[in-house]
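See below for the structure under consideration.
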Amino acid sequence: MTANSDDLEMKWPTDERVETMSNAQVIDSTGMREIHPEPDHPLNWSWIRKHNALFQVAIHAMMCSFTSAIIIPGFSELSLQFNQPETAIAYLVGVHVLFLGIGPFFWIPLSAAYGRRPVLVISMLLSLVANIGGGYASSYGTLMVARIFQALGISSGYVVGSAVVVDVFWQRERGAKTGIWTTMVTIGPAIGPLIGAFLINAKGWQWSLFLCAIINAVELIAYVFLFQETLYTSSESKGLSFSKIIPGRVPGSSLAFWKILSPFVFIQSPVVVICAFAYGISFGTALVGLTNIEPLAFGAFYGFKTTQNGLVFLSVLVGAVIGEQAAGRLSDT
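Using the numbering used here, the first residue of the sequence shown is number 192, and each one after it goes up by one.
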């Protein structure tokens, strides 16, 4: 039975559990409709449960670019150890970023078919193993392979994390919450070299990857024991289990090869293309361009050492925090 929207009170839904029918609607003061789902839907979770999920995927998102950039202050050390020019060492970051973009094409259909949690667990395990392998790499080629697999694993944070935000937060608050998630994505390239500079200077470049492995291990444990599935299926369908790592196929879903290419459907929309192009330019300039050029430029022209190269990224960190938080909140107004 569908509720008449004209009879509903004009107010925002709160974080309290909604006791209405699954197809009931509310209309806010701007005329925007939001659907009240079943009481156990993630949209009706408590504040703590919602923000626990947000915190975990936000840290994961930060680790995508954090892991890419953390080795940047160690370019000179890596160059000496592997007998490669620093321009070749820079490919360890550039190729990593390339596979950060390739990985989501596989994680998107998997998360839609099997749920968010199993994808997050499996991808984090892959990242953990690759980081350990990279830390013990004895050749440039071995390290490059480890970086590729690490990027494929950690890249799930870019797409599954944003999906989790949509799963658990009402539309009216997604801008601010996405701003938190995006802030973590943006500060990764700044925090990585900042921490990596001092760690590499004290312990060597290997420990930059071992640190990433330690963080991955903590995240993996948190996903297994503290993260609840956010991809909701109706209680009547008996779909996903909140407790199983591999809960089974989502009812009504399919997993076909063509779904890997499904994101390209959005190319038909000029708005999506323009926004994606603008974001891509900003992301590519900040993560690939500036982070790779910085140690080469400042090291060659100003004689910056490892720690000095890392401190340069403080400006990126401050700008990212201010800009992303302001943008996220403004998008909700």
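Virtual Cβ for every residue (Gly too), placed ideally from N, Cα, C.
My assumption, with CB atoms under 8 Å, is that residue i sits in contact with residue j. Please give the rounded CB distance.
i           : j           : result
residue 249 : residue 375 : 4 Å
residue 261 : residue 283 : That pair is no contact at about 11 Å.
residue 310 : residue 347 : 6 Å
residue 385 : residue 505 : 7 Å
residue 502 : residue 381 : Not confirmed; about 11 Å, so no contact.
In chain order, what residues of the same chain lie with their CB nearer than 7 Å to the CB of residue i, ignoring the 5 residues before and after it?
i           : result
residue 236 : 359
residue 276 : 270
residue 338 : 283, 286, 287 and 325
residue 232 : 423
residue 340 : 317 and 321
In chain order, what residues of the same chain have a beta carbon less than 6 Å from the beta carbon of residue i, not counting five sequence neighbours either side?
i           : result
residue 457 : 463
residue 247 : 413 and 418
residue 435 : Model confidence at residue 435 stands at a pLDDT of 48, short of 50, so the residue's coordinates are unreliable and nothing is read from them.
residue 280 : 266, 269 and 270
How would you write the range of the alpha helix (DSSP H) that residue i sits in, first residue to last?
i           : result
residue 267 : 266 to 273
residue 397 : 397 to 416
residue 281 : Per DSSP, residue 281 belongs to no alpha helix (DSSP H) and is neither H nor E.
residue 302 : 295 to 305
residue 258 : 238 to 260
residue 380 : 365 to 394
residue 231 : It is not in any alpha helix (DSSP H) - residue 231 carries neither H nor E in the DSSP assignment.
residue 178 : Residue 178 is absent from the model: the chain starts at 192 and stops at 524.
Once you ignore the five residues that flank residue i on each side, which residues in its own chain have a CB closer than 8 Å to its CB?
i           : result
residue 372 : 245, 248, 249, 252, 352, 353 and 356
residue 404 : 319, 322, 323 and 326
residue 410 : 247, 250, 251, 254 and 315
residue 498 : 264, 388, 389 and 392
residue 513 : none
Practice prompt. Spell out a yes or no on whether the stretch 349 to 361 and the stretch 302 to 320 are touching, meaning 3 or more CB-CB pairs, one atom from each, closer than 8 Å.
Written response: yes
Discussion item. Tell me whether the stretch 244 to 263 and the stretch 375 to 385 touch, counting them as touching only if at least three CB pairs, one residue from each stretch, are closer than 8 Å.
Written reply: yes
Worksheet item: Taking contact to mean at least 3 C-beta pairs separated by less than 8 Å, is the stretch 322 to 330 in contact with the stretch 392 to 402?
Response: yes
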